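*Asks:* Shown below is the structure under consideration.
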Amino acid sequence: MMLDQKIFGKNIIFFSVQTFNLENEIIKKLKEFGARVDYFDERPSNSDFTKGIIRLKRSIYQSRIDNYYKKILKQTKNKKYDFLLVNRGEVVPAFFLEEFKKIHNECFFIFYTWDSFANHSHPTSILKYFDKKFTFDSDDAFNYEIGFRPLFFLDAYKEITKYDSINNNYDLLFLGTVHSDRYNISNEISQWCTRNDLKMFCYYYVHGRLVYLYKKLFDKSFKKFDYKKLSFGSLSKKEICLLYKKSNVILDIHHPGQKGLTMRTIEAIGAKKKLITTNSEIKKYSFYNPNNILIIDRKNIQIDKYFFEYDYEDINDNLYNSLSITGWLEELFFEEHSNNWTHPIK
Numbered sequence: 034m035m036l037d038q039k040i041f042g043k044n045i046i047f048f049s050v051q052t053f054n055l056e057n058e059i060i061k062k063l064k065e066f067g068a069r070v071d072y073f074d075e076r077p078s079n080s081d082f083t084k085g086i087i088r089l090k091r092s093i094y095q096s097r098i099d100n101y102y103k104k105i106l107k108q109t110k111n112k113k114y115d116f117l118l119v120n121r122g123e124v125v126p127a128f129f130l131e132e133f134k135k136i137h138n139e140c141f142f143i144f145y146t147w148d149s150f151a152n153h154s155h156p157t158s159i160l161k162y163f164d165k166k167f168t169f170d171s172d173d174a175f176n177y178e179i180g181f182r183p184l185f186f187l188d189a190y191k192e193i194t195k196y197d198s199i200n201n202n203y204d205l206l207f208l209g210t211v212h213s214d215r216y217n218i219s220n221e222i223s224q225w226c227t228r229n230d231l232k233m234f235c236y237y238y239v240h241g242r243l244v245y246l247y248k249k250l251f252d253k254s255f256k257k258f259d260y261k262k263l264s265f266g267s268l269s270k271k272e273i274c275l276l277y278k279k280s281n282v283i284l285d286i287h288h289p290g291q292k293g294l295t296m297r298t299i300e301a302i303g304a305k306k307k308l309i310t311t312n313s314e315i316k317k318y319s320f321y322n323p324n325n326i327l328i329i330d331r332k333n334i335q336i337d338k339y340f341f342e343y344d345y346e347d348i349n350d351n352l353y354n355s356l357s358i359t360g361w362l363e364e365l366f367f368e369e370h371s372n373n374w375t376h377p378i379k
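Heads up, the sequence shown is in this note's numbering, so the first residue is 34 and it goes up one at a time.
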């Protein structure tokens with residue numbers, strides 16, 4: 034079954050935090066296949082204060098969250114919904130899902146998260162309300178007995194082709210939100226690049242000054258961080274694609290507290306770019322190819338310069354397409370779906 038046959042003319046209520054405009058890309062794709070989508074930010078507000086307080090002390094903000102979802106119940110009670118889609122589930126309260134199901138008893142509930150339950154545990158308390166549930170983290174999939182599904186790349190990455198070597202090309206590109214030891218690792222690799230006559234570009238993003246100040250006070254890894262290198266504004270899709278286009282290899286530094294593959298990893302596959310990653314879990318995936326993917330130890334970084342000299346090798350077309358946003362949605366919405374990933378062996 035094609036995706037348009039599944040969702041054409043259907044009403045979907047969609048909850049997601051605002052993450053680098055990905056929520057709008059998902060909405061756009063759902064609408065392309067004929068769905069009618071009502072979107073709600075998971076959080077009552079997308080301000081730096083709200084994002085910071087939810088991450089640091091959600092309990093003192095809970096009444097605001099509850100009132101927000103009570104308003105949504107009132108706003109949507111007179112409309113028929115075929116699907117409810119929650120992406121991440123950082124704050125969606127159980128009472129809302131219970132009441133929504135009573136009002137819309139034929140609505141099919143779908144859950145996906147691109148975060149580890151170790152980082153955000155709230156979703157584990159609401160999983161029971163969903164008809165289908167997925168995570169990008171293989172350990173969480175195994176431990177909670179839910180579907181395992183990697184992330185996706187946007188259509189724009191299919192259009193990226195490798196430039197010939199020109200003066201403004203980068204040999205290595207790092208784009209990422211600041212956390213854990215990312216700065217220390219990327220800085221060490223940047224110094225290695227300099228010693229080996231390679232060009233590296235880094236872009237460090239942080240979710241607001243409140244989050245930065247908190248981490249500066251309580252996170253040891255931030256003690257060495259150069260404030261001048263920080264950006265409080267995220268790059269647009271167009272800007273990211275342009276940087277990918279100018280780069281030969283992408284650097285991925287995953288959070289040490291999770292095993293799921295990052296969006297950056299899947300984007301590199303979509304753009305057909307080689308990848309250097311700290312995540313050894315990638316060996317277990319069906320698209321792993323040591324010619325395309327170099328795994329490094331974050332505590333003992335060793336890079337083979339020859340990795341930069343070999344061309345990227347294409348992966349199977351079916352596998353490549355299944356990693357696209359269309360492939361991701363097909364797996365979420367189809368009751369019967371093929372799993373190209375398989376659960377990693379425990």
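Glycine included, C-beta positions come from ideal geometry on N, C-alpha and C.
Because the structure is a prediction, the values reported are computed rather than measured.
For the alpha helix (DSSP H) holding I105, just list the boundary residues, first then last.
*Replies:* Segment Q95 to T109, the alpha helix (DSSP H) holding I105.
*Asks:* How would you write the range of the beta strand (DSSP E) that Y145 sits in, first residue to last?
*Replies:* F141 to T146
*Asks:* Going by beta carbon distance, what residues of the same chain come within less than 6 Å of I348, once the five residues before and after it are set aside?
*Replies:* F320
*Asks:* What number of angstroms, rounded off, separates the C-alpha of N220 from the C-alpha of K165?
*Replies:* 41 Å
*Asks:* Could you check what DSSP says for K43 in three-state terms: helix, strand or coil?
*Replies:* Coil.
*Asks:* Determine the contact status of I193 and A304, defining contact as a CB-CB distance below 7 Å.
*Replies:* yes
*Asks:* Relative to the alpha-carbon of E314, which residue among D37, H137, N354 and Q291 has its alpha-carbon at the smallest distance?
*Replies:* Q291
*Asks:* Along the chain, where does the alpha helix (DSSP H) containing R69 start, and where does it finish?
*Replies:* It is not in any alpha helix (DSSP H) - R69 instead sits in the beta strand (DSSP E) that spans R69 to D74.
*Asks:* Name the residue from G122, F116 and K113 whose alpha carbon lies nearest to the alpha carbon of Y31.
*Replies:* Nothing can be reported for residue 31, as the shown portion of the chain is limited to 34 through 379.
*Asks:* Just to check my reading of the structure: G293 and D99 have Cβ atoms closer than 8 Å, yes? What is that Cβ distance to the nearest angstrom?
*Replies:* Between D99 and G293 the Cβ distance is about 29 Å, and since that is not below 8 Å, they are no contact.
*Asks:* Considering only the beta carbon of each residue, do V125 and F48 sit closer than 7 Å?
*Replies:* yes
*Asks:* Apply the 10 Å Cβ neighbour rule to M233 and answer buried if 16 or more other Cβ atoms are within range, or exposed otherwise.
*Replies:* buried
*Asks:* Can you look up N333 in the DSSP assignment and give me helix, strand or coil?
*Replies:* In this structure, N333 counts as strand in the three-state DSSP scheme.
*Asks:* Measuring alpha carbon to alpha carbon, tell me which of K317, F341 and E272 ends up nearest I283.
*Replies:* F341
*Asks:* Report back the beta-carbon spacing between N322 and E346 to the nearest angstrom; my notes put them in contact at under 8 Å.
*Replies:* 6 Å
*Asks:* Going by beta-carbon coordinates alone, are I45 and L118 separated by less than 7 Å?
*Replies:* yes
*Asks:* Do you know how far the Cα of F116 is from the Cα of P289?
*Replies:* 34 Å
*Asks:* Give every residue of the same chain whose Cβ lies closer than 6 Å to the Cβ of M296, excluding the five residues on either side of it in the sequence, and list them in chain order.
*Replies:* L184
*Asks:* In whole angstroms, what separates the C-alpha of S154 from that of Y162?
*Replies:* 16 Å
*Asks:* Note the first and the last residue of the continuous alpha helix (DSSP H) segment covering K134.
*Replies:* A127 to I136
*Asks:* State the Cα-Cα distance for the pair G42 and N120, rounded to the nearest angstrom.
*Replies:* Spanning the two alpha carbons is a distance of roughly 21 Å.
*Asks:* Whose CA, out of R97, K112, F181 and G67, lies closest to the CA of W374?
*Replies:* Here the closest residue by C-alpha is F181.
*Asks:* Shortest alpha-carbon distance to G67 belongs to which of D37, P77 and D344?
*Replies:* Among D37, P77 and D344, the Cα nearest to that of G67 is on D37.
*Asks:* Less than 8 Å between the CB atoms is what I'm expecting for F366 and I40, so what's the real figure, rounded?
*Replies:* 6 Å
*Asks:* On the premise that N325 lies in contact with L308, defined as a C-beta separation below 8 Å, what is that separation, rounded to the nearest angstrom?
*Replies:* The pair is a contact, with the Cβ atoms about 7 Å apart (cut-off 8 Å).
*Asks:* How would you write the range of the alpha helix (DSSP H) that I383 sits in, first residue to last?
*Replies:* Since the displayed the chain opens at 34 and closes at 379, residue 383 lies outside it and no answer follows.
*Asks:* Find the nearest neighbour of I286 within the set A174, S280, T298 and S267, judged by alpha-carbon distance.
*Replies:* T298
*Asks:* Confirm, please, whether the CB-CB distance from K62 to I358 is below 7 Å.
*Replies:* yes
*Asks:* Kindly give me the distance between the Cβ atoms of T157 and F150, rounded to whole angstroms, as I take these residues to be in contact under 8 Å.
*Replies:* Indeed they touch by this definition, with Cβ atoms about 5 Å apart.
*Asks:* So for F320, helix, strand or coil by DSSP?
*Replies:* Assigned with DSSP and collapsed to three states, F320 falls in coil, not helix or strand.
*Asks:* State the Cα-Cα distance for the pair I136 and A127, rounded to the nearest angstrom.
*Replies:* 15 Å
*Asks:* Are C226 and F207 closer than 7 Å when you measure CB to CB?
*Replies:* no
*Asks:* Mind checking N281: buried by the 16 CB within 10 Å criterion, or exposed?
*Replies:* buried
*Asks:* So who's on the other strand from G290, going by DSSP bridges?
*Replies:* Paired residues: none, contrary to the question.
*Asks:* DSSP beta-bridge partners for L206?
*Replies:* F234 and I283
*Asks:* Taking V50 as the reference, give the member of S78, R97, K64 and T310 with the closest Cα.
*Replies:* S78
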